[in-house]
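Quick mapping for you: the protein sequence lines, in order, are chains A and B. Quick note: the first sequence uses full-length UniProt numbering, first residue 1, plus one each step. Quick note: the second sequence uses full-length UniProt numbering, first residue 1, plus one each step. Positions of the beta carbon are idealized from the N, C-alpha and C atoms, including for glycine. Everything on this sheet refers to the single structure shown next.
Protein chains: 2
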Amino acid sequence: MRRRDLLRMIGATAGGAAMYQAMSSLGLATESPFRGTPTLHGAPRGASVLVLGAGIAGMVAAYELRQAGYQVQVLEYNRRPGGRNWSLRGGDSFTELGGFTQHCRFDDGLYLNPGPWRLPYHHRGILSYCKKLGVALEPFVQVNYNAYLHSADAFGGKPQRYREIHADYRGHVAELLAKSTQQGQLDQSVSKEDQERLLESLRQWGALDKRFVYTRGEASSNRRGYDRDAGGGLTAKPLPSTPLQLKDVLGSRLWQHLVDSEIYEFQTTLFQPVGGMGRIGEAFGRELKGVIRYGAKVTAILQDERGVSVTYEDADIPGATQTASAQWCVCTIPLSILGQLPLNVSPAMADAIAAVPYAASVKVGLQFKRRFWEEDEQIYGGMTYTDLPIANISYPSTGFHGGKGVLLGAYMWGKDAYEFTAMAPEERVRKAVEYGSRIHPQYREEFENGIAVGWHRSPFTLGCFAAWSDDMRERHYDNLCRLDGRIVLAGEHASYLPAWQEGAVTSALDAIERLHRRATGGIV
Amino acid sequence: MRRRDLLRMIGATAGGAAMYQAMSSLGLATESPFRGTPTLHGAPRGASVLVLGAGIAGMVAAYELRQAGYQVQVLEYNRRPGGRNWSLRGGDSFTELGGFTQHCRFDDGLYLNPGPWRLPYHHRGILSYCKKLGVALEPFVQVNYNAYLHSADAFGGKPQRYREIHADYRGHVAELLAKSTQQGQLDQSVSKEDQERLLESLRQWGALDKRFVYTRGEASSNRRGYDRDAGGGLTAKPLPSTPLQLKDVLGSRLWQHLVDSEIYEFQTTLFQPVGGMGRIGEAFGRELKGVIRYGAKVTAILQDERGVSVTYEDADIPGATQTASAQWCVCTIPLSILGQLPLNVSPAMADAIAAVPYAASVKVGLQFKRRFWEEDEQIYGGMTYTDLPIANISYPSTGFHGGKGVLLGAYMWGKDAYEFTAMAPEERVRKAVEYGSRIHPQYREEFENGIAVGWHRSPFTLGCFAAWSDDMRERHYDNLCRLDGRIVLAGEHASYLPAWQEGAVTSALDAIERLHRRATGGIV
Numbered sequence: 001m002r003r004r005d006l007l008r009m010i011g012a013t014a015g016g017a018a019m020y021q022a023m024s025s026l027g028l029a030t031e032s033p034f035r036g037t038p039t040l041h042g043a044p045r046g047a048s049v050l051v052l053g054a055g056i057a058g059m060v061a062a063y064e065l066r067q068a069g070y071q072v073q074v075l076e077y078n079r080r081p082g083g084r085n086w087s088l089r090g091g092d093s094f095t096e097l098g099g100f101t102q103h104c105r106f107d108d109g110l111y112l113n114p115g116p117w118r119l120p121y122h123h124r125g126i127l128s129y130c131k132k133l134g135v136a137l138e139p140f141v142q143v144n145y146n147a148y149l150h151s152a153d154a155f156g157g158k159p160q161r162y163r164e165i166h167a168d169y170r171g172h173v174a175e176l177l178a179k180s181t182q183q184g185q186l187d188q189s190v191s192k193e194d195q196e197r198l199l200e201s202l203r204q205w206g207a208l209d210k211r212f213v214y215t216r217g218e219a220s221s222n223r224r225g226y227d228r229d230a231g232g233g234l235t236a237k238p239l240p241s242t243p244l245q246l247k248d249v250l251g252s253r254l255w256q257h258l259v260d261s262e263i264y265e266f267q268t269t270l271f272q273p274v275g276g277m278g279r280i281g282e283a284f285g286r287e288l289k290g291v292i293r294y295g296a297k298v299t300a301i302l303q304d305e306r307g308v309s310v311t312y313e314d315a316d317i318p319g320a321t322q323t324a325s326a327q328w329c330v331c332t333i334p335l336s337i338l339g340q341l342p343l344n345v346s347p348a349m350a351d352a353i354a355a356v357p358y359a360a361s362v363k364v365g366l367q368f369k370r371r372f373w374e375e376d377e378q379i380y381g382g383m384t385y386t387d388l389p390i391a392n393i394s395y396p397s398t399g400f401h402g403g404k405g406v407l408l409g410a411y412m413w414g415k416d417a418y419e420f421t422a423m424a425p426e427e428r429v430r431k432a433v434e435y436g437s438r439i440h441p442q443y444r445e446e447f448e449n450g451i452a453v454g455w456h457r458s459p460f461t462l463g464c465f466a467a468w469s470d471d472m473r474e475r476h477y478d479n480l481c482r483l484d485g486r487i488v489l490a491g492e493h494a495s496y497l498p499a500w501q502e503g504a505v506t507s508a509l510d511a512i513e514r515l516h517r518r519a520t521g522g523i524v
Numbered sequence: 001m002r003r004r005d006l007l008r009m010i011g012a013t014a015g016g017a018a019m020y021q022a023m024s025s026l027g028l029a030t031e032s033p034f035r036g037t038p039t040l041h042g043a044p045r046g047a048s049v050l051v052l053g054a055g056i057a058g059m060v061a062a063y064e065l066r067q068a069g070y071q072v073q074v075l076e077y078n079r080r081p082g083g084r085n086w087s088l089r090g091g092d093s094f095t096e097l098g099g100f101t102q103h104c105r106f107d108d109g110l111y112l113n114p115g116p117w118r119l120p121y122h123h124r125g126i127l128s129y130c131k132k133l134g135v136a137l138e139p140f141v142q143v144n145y146n147a148y149l150h151s152a153d154a155f156g157g158k159p160q161r162y163r164e165i166h167a168d169y170r171g172h173v174a175e176l177l178a179k180s181t182q183q184g185q186l187d188q189s190v191s192k193e194d195q196e197r198l199l200e201s202l203r204q205w206g207a208l209d210k211r212f213v214y215t216r217g218e219a220s221s222n223r224r225g226y227d228r229d230a231g232g233g234l235t236a237k238p239l240p241s242t243p244l245q246l247k248d249v250l251g252s253r254l255w256q257h258l259v260d261s262e263i264y265e266f267q268t269t270l271f272q273p274v275g276g277m278g279r280i281g282e283a284f285g286r287e288l289k290g291v292i293r294y295g296a297k298v299t300a301i302l303q304d305e306r307g308v309s310v311t312y313e314d315a316d317i318p319g320a321t322q323t324a325s326a327q328w329c330v331c332t333i334p335l336s337i338l339g340q341l342p343l344n345v346s347p348a349m350a351d352a353i354a355a356v357p358y359a360a361s362v363k364v365g366l367q368f369k370r371r372f373w374e375e376d377e378q379i380y381g382g383m384t385y386t387d388l389p390i391a392n393i394s395y396p397s398t399g400f401h402g403g404k405g406v407l408l409g410a411y412m413w414g415k416d417a418y419e420f421t422a423m424a425p426e427e428r429v430r431k432a433v434e435y436g437s438r439i440h441p442q443y444r445e446e447f448e449n450g451i452a453v454g455w456h457r458s459p460f461t462l463g464c465f466a467a468w469s470d471d472m473r474e475r476h477y478d479n480l481c482r483l484d485g486r487i488v489l490a491g492e493h494a495s496y497l498p499a500w501q502e503g504a505v506t507s508a509l510d511a512i513e514r515l516h517r518r519a520t521g522g523i524v
């Protein structure tokens with residue numbers, strides 16, 4: 001019996017769920033650490049959990065533990081749910097360490113996601129909560145063949161269209177390998193039959209001509225674009241374009257940006273919540289109304305054999321110290337902050353907390369009077385890459401053909417991010433406009449207002465995300481994640497998916513399953 | 001002065017439009033046959049135009065000629081505007097040649113676009129009308145790394161994820177070329193310096209390891225996916241997957257499908273109108289309310305020195321023949337039908353009309369009880385390719401995580417399309433379900449209803465689109481497009497963009513500009 005006959009039979013007799021089980025066992029389904037919505041139940045009578053932080057990890061933990069019957073309370077520093085899941089919209093304010101307060105002046109419907117902004121199709125945990133909580137999703141355009149690759153030192157500083165570098169690099173690679181094949185240089189490693197197939201495939205894949213050359217003509221222009229597009233009537237014969245030479249493509253180093261959209265986390269289909277990433281946090285916040293105490297700054301976490309006691313300052317009652325207690329604690333406070341708090345955990349966990357540095361990152365959102373990238377340059381969504389300090393310009397994946405628009409005008413890491421974080425916010429915005437205008441000269445005329453978040457000055461994270469190295473992970477990761485007495489940590493920092501919300505979700509689910517097992521007397 | 005300084009100066013002093021002019025002349029803007037909304041004005045007093053067909057070409061012509069001051073009437077065979085721009089929704093009926101009538105039973109909000117379904121970013125004409133008429137656009141997901149490539153004869157008939165074939169083909173190509181480079185086989189054609197750059201780029205681009213080998217590990221899995229995805233907590237270390245061997249990838253011929261999304265017309269960003277492609281035709285129909293006479297079947301077109309006279313049958317008054325007249329005629333009737341009508345044009349145009357065959361195509365829409373492709377297989381939008389007769393399965397790019405869904409269950413060309421067209425519609429649907437279930441076994445359980453359009457049985461087109469060959473174009477294209485007395489043809493068939501709505505738009509604009517020049521006494 002063939003595999004598909006078997007599957008058909010299973011489907012016909014036992015239904016879709018059984019079929020899916022069978023598909024999994026036959027290797028048609030990918031294995032995911034997200035094993036579906038947890039089915040925790042039977043919390044011990046009166047069992048209570050204190051969750052620290054109302055970011056994604058904290059709210060997933062609180063949501064599921066409540067479902068399982070635990071008494072749950074969440075303490076959150078900010079005045080809103082979500083943590084790094086956050087959209088800045090017109091009317092919002094943000095005060096960073098150092099005292100700068102920015103007031104967002106975006107028009108209605110426009111936003112910047114200072115933190116996460118993309119959801120990959122395989123991040124099944126966070127996607128399942130979007131579904132469960134009714135957060136509508138729309139495609140996020142990552143790669144745009146008509147956006148630019150730019151280097152200040154290549155092609156006289158003139159931005160190249162992604163499609164040109166993409167097609168030309170591939171075309172030249174295909175031509176070189178076709179040549180090697182035809183010259184018999186692959187005879188040792190590839191059978192004659194496969195060489196024939198390889199040549200045929202390279203011609204198609206690389207847009208080579210009949211002689212296996214990548215050159216000006218219909219084949220290459222049908223990838224890289226035309227000097228004049230095809231149209232209708234008597235004046236519309238297309239005009240082919242001329243490929244760049246291999247040495248110019250290689251020398252430009254613009255090929256560095258060709259892999260971005262191939263990476264597992266950036267492959268299509270990517271999503272964004274309609275209205276901003278913050279919609280997820282807001283939806284969790286609604287579910288946990290009354291459970292989350294906002295404006296609560298945790299100052300110490302202490303546990304003993306019977307429970308966990310947390311002291312915090314209520315932003316509405318300055319100076320006074322409050323206490324919250326529970327039998328268990330799920331702590332999602334970023335390590336950068338947690339490491340500075342009194343906390344009685346094992347030396348191994350304390351070492352782990354202290355070991356992991358936080359990455360620097362800056363995002364700048366810029367509002368423009370008109371969507372010139374669409375109107376003038378036919379760029380709808382996607383990203384431009386540049387070696388200027390702004391690194392990226394990302395165009396909105398929604399609201400096409402609307403009036404005003406907000407660009408992600410800089411998305412920076414490393415050294416440049418530190419430099420920008422050190423500037424006053426308005427200076428970051430000014431610089432982003434200045435650099436961006438070298439790619440889009442329309443910036444000067446069309447810019448209206450901007451907002452800039454430097455994550456190392458964010459009082460609720462002191463950095464962007466836990467920057468694990470392989471060595472650190474080897475030494476500290478398991479110690480960080482292990483249930484320590486009555487405390488378990490969760491968050492992107494307690495995952496193999498740093499910086500991703502999916503890390504927060506899967507980490508929280510893993511943590512509460514172990515906590516639940518221990519709370520119900522099982523072995524962890 | 002550097003290019004960008006010049007541009008900056010122009011922008012600062014003369015504004016965005018001048019800047020764009022300058023960008024064009026510096027080669028930063030692509031040339032398009034769409035030169036913006038036409039600015040025809042000054043129609044001669046009382047000048048009139050009869051437009052045949054209320055598809056995109058006819059409606060663009062009518063819309064613009066009215067703006068220019070012409071008296072315009074449109075005759076349309078169907079009871080709706082749009083022609084091939086068309087969405088079938090629940091409650092719609094469609095009767096094809098041969099007498100079969102199908103009643104669409106899709107749930108609210110679901111649809112099939114039997115004709116065009118995608119809008120490329122560089123189709124500036126049709127996009128500009130979407131903007132002008134307020135037709136909202138959303139991204140159309142063409143390539144989906146998690147959809148399947150399938151061959152009945154490869155990998156035991158088991159569908160492969162796009163990301164696997166995509167990454168493995170590229171990885172092996174990169175490894176082979178890296179080897180050739182390292183063995184000095186490129187010394188004749190590539191400088192030493194460029195060979196170094198090439199190696200560096202191949203490693204990154206092809207996901208090779210440190211020894212330039214494409215093999216199981218973090219690099220390759222970060223493209224092709226993992227056996228077990230990364231997650232959070234203590235049980236979530238990712239497990240790398242094992243690449244396919246080169247010979248298996250080549251032998252499967254699945255590499256044929258890797259170029260589809262690279263082709264100029266299928267590159268990101270692609271769009272679809274929110275609610276179905278038919279929204280464009282419907283919007284034009286609203287603009288031309290009172291101008292279009294529906295249910296009018298043209299039976300003859302005759303011109304003399306003073307004008308054009310068209311006879312037609314009104315579907316509401318069977319048997320009676322009506323006449324409509326005007327000074328000029330823009331005829332957008334497909335050549336497959338036009339060639340069968342009495343029409344007094346030059347022999348050259350008549351030959352052209354007779355010369356071009358129409359392509360066969362079939363689309364099948366299938367409604368399912370649940371979106372199992374999303375729930376079970378994490379496929380959101382995009383397409384699966386197969387060598388089964390159905391050729392493609394396309395997943396909706398919108399309504400993610402909703403309840404029911406409509407798949408494009410077959411999108412066929414050539415021989416298979418002829419065979420399916422010959423079947424009764426319900427048989428086409430049955431076959432599409434049967435073939436599709438070899439890729440998605442859930443079909444059997446979840447299928448609800450379907451609808452199938454075979455374009456050669458469409459009474460208003462008798463085929464899908466004008467299938468020009470290079471030879472035909474050489475001999476006939478200009479003769480087809482030339483103004484013939486008082487008649488000019490327009491439509492995708494009179495363009496270098498057959499089958500695309502942009503061909504219809506640019507063809508119509510080109511045609512009416514020439515018509516207007518002649519009508520106002522200019523030279524054509």
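Check, Outcome
"In this structure, does DSSP put R518/A in helix, strand or coil?", "helix"
"Below 7 Å between beta carbons: does that hold for L341/A and A300/A?", "yes"
"Flag this pair as yes or no: are the beta carbons of R105/A and G90/A separated by less than 7 Å?", "yes"
"Which residues of the stretch 70–102 of chain A have a Cβ closer than 9 Å to any Cβ of chain B? Give them in chain order.", "none"
"In angstroms, rounded to a whole number, what distance separates the CA positions of Q256/B and Q204/A?", "8 Å"
"Determine which residues share a DSSP beta bridge with Y411/A and list them.", "K363/A"
"Is it a yes or a no for the stretch 420–434 of chain A touching the stretch 350–369 of chain A, going by three-plus beta-carbon pairs under 8 Å?", "yes"
"Report all residues from its chain with a CB closer than 6 Å to the CB of G83/A; omit the five preceding and five following residues, and keep chain order.", "G55"
"Is there a C-beta anywhere in chain B that falls below 7 Å from the one on E262/A?", "yes"
"How should D376/A be labelled, buried or exposed, when 16 other C-beta atoms within 10 angstroms of its C-beta is the threshold for buried?", "buried"
"Using a C-beta to C-beta distance shorter than 9 Å, which residues of chain B count as neighbours of F400/A?", "L127, C130, K131, A136, L137, E138, P139, T269, F271"
"Report the three-state DSSP secondary structure of E448/B (helix, strand or coil).", "strand"
"Does Y111/B have its Cβ less than 7 Å from a Cβ in chain A?", "no"
"Between the beta-carbon of G330/A and the beta-carbon of A466/A, is there less than 7 Å?", "According to the sequence displayed, residue 330/A carries Val and not Gly. Their beta carbons are not under 7 Å apart, which means V330/A does not touch A466/A by this criterion."
"Buried or exposed for P318/B, please, with buried defined as at least 16 other CB atoms from any protein chain shown within 10 angstroms of its CB.", "exposed"
"Can you give me the C-alpha to C-alpha distance between R45/B and L258/A, rounded to a whole angstrom?", "57 Å"
"Let me see if you follow: with CB-CB separation under 7 Å, is G436/B close to chain A or not?", "no"
"Within the same chain, show all residues whose beta-carbon is closer than 6 Å to that of H516/A, passing over the 5 residues directly before and after it, in chain order.", "L40"
"Can the beta-carbon of Q501/B be found less than 7 Å from the beta-carbon of P116/B?", "yes"
"R457/B and L112/B: beta carbons closer than 7 Å?", "no"
"Any idea which residues DSSP pairs I379/A with across the strands?", "I379/A pairs with nothing; no bridge assigned."
"What is the residue span of the beta strand (DSSP E) that I487/B lies within?", "487–489"
"Between which two residues does the beta strand (DSSP E) holding N392/A run?", "392–394"
"Any chance the stretch 175–189 of chain B sits against the stretch 175–192 of chain A, with 3 or more Cβ pairs inside 8 Å?", "yes"
"Please work out which residues of its chain come closer than 7 Å, Cβ to Cβ, to G27/A, disregarding the five sequence neighbours upstream and downstream, and give them in chain order.", "Below a pLDDT of 50, predicted positions are generally treated as unreliable, and G27/A, at 48, falls in that range; no measurement from the model is reported."
"Could you pull out every residue in the same chain whose Cβ sits closer than 8 Å to the Cβ of E419/B, ignoring the five residues on either side in sequence?", "P389"
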